[in-house]
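Numbering (our numbering), first residue to last: 23 to 683. Where a beta carbon is used, it is the ideal one built from N, C-alpha and C, also for glycine. Just so you know, these numbers come straight off a predicted model, no measurement behind them.
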């Protein structure tokens with residue numbers, strides 16, 4: 023039999039090969055959801071040179087919602103862009119994600135092997151094989167597709183790498199022969215290494231601060247087989263408390279009042295806390311009973327719990343988790359059940375509790391899913407041991423997940439690798455999802471406008487707060503109306519007008535009536551509901567569409583009216599006000615109110631003196647109004663590297679020559 027290092031090498035190579043084959047079909051897939059604002063529409067990650075200045079800009083690119091965290095994630099996006107020939111190639115980004123996922127699978131294999139070897143529980147399977155099987159089933163589980171093939175989830179993957187590395191270092195320390203002596207130098211080295219893992223992981227995603235929780239779960243599973251040490255227990259408690267206090271302090275400084283952040287959600291803090299127990303059971307269903315029809319990137323229509331009995335499953339879920347905790351504490355198998363429960367629930371402490379996040383996402387299970395997967399494989403291994411047969415039939419229980427999970431993941435990866443297949447599957451799986459129908463509508467907008475309108479109408483019907491589907495309907499019908507008498511101008515390249523198919527359903531007068539209805543609906547939604555990030559994105563597109571005088575928009579006066587409605591809406595975050603004011607200033611200038619536009623932009627600069635973005639935009643406005651001296655005055659103190667991030671490259675030669683005058 024091969025030695026342990028060789029076994030590790032052979033199983034690692036096999037594990038890497040299977041993971042590569044399973045996810046390869048999805049690498050050619052499109053950009054998705056949050057990829058747009060975070061990656062290919064984020065000017066700050068567009069590295070043109072590996073200079074300290076540009077790297078610093080990329081590392082400070084996180085959106086306002088992430089404050090100062092996740093800088094390393096954005097730096098990795100920038101490097102991906104640079105080494106991909108300065109192009110935003112989804113393939114390159116997804117391939118990098120796959121490599122990170124492969125590394126994580128090897129870390130999982132090593133961690134599980136150490137636990138299996140330390141536990142010394144009788145099993146027909148060698149610890150290497152059992153660990154390899156668990157790592158393979160975790161890495162090739164269909165729930166992981168939305169972490170690996172969703173480019174922006176580099177944040178989750180790399181944060182997971184730091185956590186897993188910290189877990190591995192802890193286990194190596196924990197099972198060392200001289201562990202009981204707690205050598206001060208080795209202990210200090212461990213604490214330093216764990217701290218570095220958390221800090222590095224934190225700058226990919228904040229969930230890395232849960233490392234102490236994962237360490238407690240590992241301590242619970244290793245403790246029955248290796249003597250405990252009261253000093254290490256105290257160390258874990260101190261590490262957990264210090265990390266918890268630091269995390270809460272960070273939240274207070276960056277987020278502030280948690281309850282107020284729910285202003286732009288269609289649920290309250292209480293609703294979210296009541297809903298999450300159901301969500302956590304639903305995640306378990308996705309892990310233990312995988313069906314392709316249950317999976318989706320778009321989970322925006324997950325039903326909300328408004329009370330313990332609305333729906334009744336809310337109460338049952340709470341009782342269910344309480345029962346599982348009691349059973350885990352009292353069971354003879356508590357050495358296994360309790361750590362798995364601690365790992366799974368502990369891994370959801372941030373994203374499935376009080377934070378003002380969306381209700382559910384599959385990628386939140388990236389690390390937490392390891393516990394249910396390991397528990398299931400341990401159960402199958404126990405069942406296999408109970409089969410008395412000496413033939414291959416005794417391995418059938420283990421063969422089931424080994425074959426089924428990679429097969430399902432390969433099929434799902436194939437769907438994710440083709441835009442049409444992806445959109446079709448998302449709508450089929452979530453027919454009432456605003457995002458699924460919105461994505462389908464955007465895809466068909468220039469291919470089949472009538473079908474696109476149907477998807478947008480469905481999205482608007484099932485979410486009265488969403489504005490994007492209504493704005494999208496408005497844009498299609500406005501284009502059709504303005505080009506009604508000359509359809510070929512809608513798409514000269516294809517010689518097929520956007521009005522094709524629409525004329526058969528609406529006369530020009532009927533289009534005008536429908537457009538008026540949509541305008542009223544947009545104004546109602548802007549005035550009644552909270553100003554979400556989606557609304558902000560829609561208003562930005564409306565503004566630039568009106569300024570460019572495209573057929574999809576009316577004149578800037580209407581866009582100005584909508585921006586004013588949003589500004590007067592109290593249900594918005596403070597950071598939305600300057601962005602809306604910037605849009606208003608551009609529209610004021612376009613409608614001839616130049617002095618008011620300049621006055622408003624200068625007010626934004628005074629209110630946010632440290633924000634160079636607004637200064638650059640004010641300079642653009644000065645240039646538009648012919649105020650060249652003011653243009654130079656604003657831009658000269660700002661570095662050219664930063665200006666290049668916010669001004670199109672085609673305009674930079676003009677900027678340089680103007681500044682040199």
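Where does residue 361 land, buried or exposed, given buried means 16+ other C-beta within 10 angstroms? Residue 361 comes out buried.
Could you name the residues that DSSP lists as bridge partners for residue 332? 329
Taking the C-alpha atoms as reference points, what is the distance between residue 384 and residue 373? 11 Å
Quick one: using the 10 Å Cβ neighbour count with 16 as the cut-off for buried, is residue 317 buried or exposed? buried
Residue 392 versus residue 237: straight-line alpha-carbon distance, rounded: 14 Å
Member of 151, 35 and 574 whose CA lies at the smallest distance from the CA of residue 124: Nearest to residue 124 by C-alpha distance, out of 151, 35 and 574, is 35.
Count the other C-beta atoms from every protein chain shown that fall within 10 angstroms of the C-beta of residue 485, then say buried if there are 16 or more, exposed otherwise. buried
For the alpha helix (DSSP H) holding residue 400, just list the boundary residues, first then last. Counting along the chain, the alpha helix (DSSP H) containing residue 400 begins and ends at 392-408.
If I measure Cβ to Cβ from residue 147 and keep anything under 7 Å in the same chain, skipping five residues before and after, which residues do I get? Correct list, in chain order: 403.
Unbroken alpha helix (DSSP H) run spanning residue 369, endpoints: 356-369 is the extent of the alpha helix (DSSP H) around residue 369.
Taking residue 385 as part of the alpha helix (DSSP H), name the residues at either end of that continuous run. Premise fails: residue 385 is in no alpha helix (DSSP H) and is neither H nor E.
Buried or exposed: residue 214, going by 16 or more other Cβ atoms within 10 Å of its Cβ? exposed
Counting only the same chain and skipping the five closest in sequence on each side, list residues whose C-beta sits under 6 Å from that of residue 388. 169, 178 and 182
Check the C-beta distance from residue 220 over to residue 188 and give it rounded, since I have them as a contact under 8 Å. 7 Å between Cβ atoms; contact.
So, at 7 Å on beta carbons, what are the nonlocal neighbours of residue 370 in its own chain, with the 5 sequence-adjacent residues on each side left out? The residues are 302, 386 and 390.
Decide if residue 320 is buried, meaning its Cβ has at least 16 other Cβ atoms within 10 Å, or exposed. buried
Exposed or buried, residue 517, counting other C-beta atoms within 10 Å across all chains shown (16 or more means buried)? Any reading at residue 517 must be qualified, since the residue scores a pLDDT of 39, below 50, and its modelled position is unreliable; the value itself is stated next. Of the residues assessed, residue 517 falls on the exposed side of the cut-off, its CB having fewer than 16 other CB atoms within 10 angstroms.
In the structure shown, what three-state DSSP assignment does residue 471 receive? helix
Put residue 49 into one of helix, strand or coil per three-state DSSP. In the three-state DSSP reduction, residue 49 falls in the coil class, being neither helix nor strand.
On the DSSP letters alone, give me the boundaries of the alpha helix (DSSP H) that residue 492 sits inside. 490-504
Going by C-alpha distance, which of 312, 531 and 453 is nearest residue 431? 312
Taking 7 Å as the threshold (C-beta atoms), are residue 115 and residue 173 in contact? yes
Just tell me which of 297, 552, 601 and 206 has its CA closest to the CA of residue 340. 297
Delimiting residues of the alpha helix (DSSP H) encompassing residue 174: Per DSSP, residue 174 is not a residue of any alpha helix (DSSP H), being assigned neither H nor E.
Apply the 10 Å Cβ neighbour rule to residue 584 and answer buried if 16 or more other Cβ atoms are within range, or exposed otherwise. buried
Return the CA-CA distance between residue 87 and residue 121, expressed in angstroms with no decimal places. A caution first: residue 87 carries a pLDDT of 48, below 50, which makes its placement in the model too unreliable to give a value.
Could you have a look at residue 514 and say whether DSSP puts it in helix, strand or coil? In this prediction, residue 514 has a pLDDT of 45, which is less than 50 and means its spatial position is unreliable; what the coordinates show is noted afterwards. The DSSP-derived three-state label of residue 514 is coil.
Do the region 394-410 and the region 269-284 touch if we need at least three Cβ pairs shorter than 8 Å? no
Among the candidates 668, 438 and 460, whose CA atom is the shortest distance from the CA of residue 47? 438
Give the range of the alpha helix (DSSP H) segment to which residue 20 is assigned. There is simply no residue 20 to check, as the chain begins at 23 and stops at 683 in what is shown.
With a cut-off of 8 Å, do at least 3 Cβ pairs link the region 568-587 to the region 494-505? yes
In three-state DSSP terms, what is residue 91? coil
By how many angstroms is the C-alpha of residue 175 removed from the C-alpha of residue 675? Answer to the nearest angstrom: the Cα atoms are 36 Å apart.
Please return the same chain residues whose Cβ sits closer than 7 Å to the Cβ of residue 490, not counting the five positions on each side in sequence. 460, 556 and 560
Is it buried or exposed for residue 578, if we count other Cβ within 10 angstroms and need 16 for buried? Counting other Cβ atoms within 10 Å of its Cβ, residue 578 reaches 16 or more and is therefore classed as buried.
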